[in-house]
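K.L.:
FYI, in mature numbering (1 follows the signal peptide of the UniProt record, and there is no 0) the residues of the sequence shown are -34 to -1, 1 to 99.
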Amino acid sequence: MGRAALALHTFLPDFFMTSLISLAVLALASSSFASPNLEKRVSGVTYSSVGINGSTFDYIIVGGGLAGMTIASRLSEDPSISVLLIEAGQDDRTDPQVYDIYEYSQAFGGPKDWAWTAEQGKVIHGGKTLGGS
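1) Flag this pair as touching only if the region 64 to 71 and the region 40 to 48 have three or more C-beta atom pairs under 8 Å; answer yes or no.
2) Can you tell me the Cβ-Cβ gap for residue 96 and residue 55, rounded? I've got them flagged as a contact below 8 Å.
3) In this structure, how does DSSP classify residue 87 when only helix, strand and coil are distinguished?
4) Quick check: what's the CA-CA separation for residue 20 versus residue 27?
5) Taking Cβ positions, are residue 25 and residue 47 nearer each other than 8 Å?
6) Could you pull the start and end residues of the alpha helix (DSSP H) that residue 41 belongs to?
7) Measure the alpha-carbon distance for residue 22 versus residue 16 and round it to whole angstroms.
8) Quick one: using the 10 Å Cβ neighbour count with 16 as the cut-off for buried, is residue 49 buried or exposed?
9) Could you give the residue range of the beta strand (DSSP E) that holds residue 65?
10) Alpha carbon to alpha carbon, what distance is there between residue 85 and residue 60?
11) Name, in chain order, the residues that DSSP records as bridge partners for residue 26.
See the structure below:
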């Protein structure tokens, strides 16, 4: 198993043990599948699984970073498809550390940073927030 795969393998159990998981239910619809003008069908952010308990989804995306958000958005362009996006971080869209380039580095080492330990004592920073880094 390669180092990246091993790191991911050892990381995943901790990820799923996170006590507070943000659940972002993203479902966007368009009047026609090829239309660039999307209108919201259902969307929302919740910090409790109660609202979705017992629900079924066509796709479940784990990770609300750039790739996860893009995949969920594209999949949900089809109004017949339901998508659940799960993110371990918070919805920090209103925090300047997330949207302001001059304050971005202040998030390093804090609760919005995964701060993965790498070889030689190095740290890999990654955004632990809806939208990632």
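Just so it is clear, CB atoms sit at the ideal spot from N, CA and C, and this is done for glycine as well.
P.N.:
Let me spell this out:
1) no
2) By 1-based counting over the sequence shown, the position of residue 96 is 130. By 1-based counting over the sequence shown, the position of residue 55 is 89. Their Cβ separation, rounded to whole angstroms, is 6 Å, which keeps residue 96 and residue 55 in contact under 8 Å.
3) Along the sequence shown, one-based indexing puts residue 87 at 121. If DSSP states are grouped into helix, strand and coil, residue 87 belongs with the helices.
4) By 1-based counting over the sequence shown, the position of residue 20 is 54. By 1-based counting over the sequence shown, the position of residue 27 is 61. Computed Cα separation, rounded: 17 Å.
5) Position 59 of the sequence shown, counted from the start, is the residue given in the question as residue 25. Position 81 of the sequence shown, counted from the start, is the residue given in the question as residue 47. Yes.
6) Position 75 of the sequence shown, counted from the first residue, corresponds to residue 41. Residue 41 -> alpha helix (DSSP H) spans 32 to 41.
7) Locating residue 22 in the sequence shown gives position 56, counting from the first residue. Locating residue 16 in the sequence shown gives position 50, counting from the first residue. Taking the straight line from one Cα to the other gives about 13 Å.
8) Counting from one through the sequence shown, the residue named residue 49 turns up at place 83. By the 10 Å Cβ count, residue 49 comes out buried.
9) Here residue 65 refers to the residue found at position 99 when the sequence shown is read from its first residue. No beta strand (DSSP E) contains residue 65, which is instead part of the alpha helix (DSSP H) from 62 to 65.
10) Reading the sequence shown from its first residue, position 94 is the one you call residue 60. Reading the sequence shown from its first residue, position 119 is the one you call residue 85. Taking the straight line joining both Cα atoms gives about 34 Å.
11) Here residue 26 refers to the residue found at position 60 when the sequence shown is read from its first residue. Answer is 50, bridged to residue 26.
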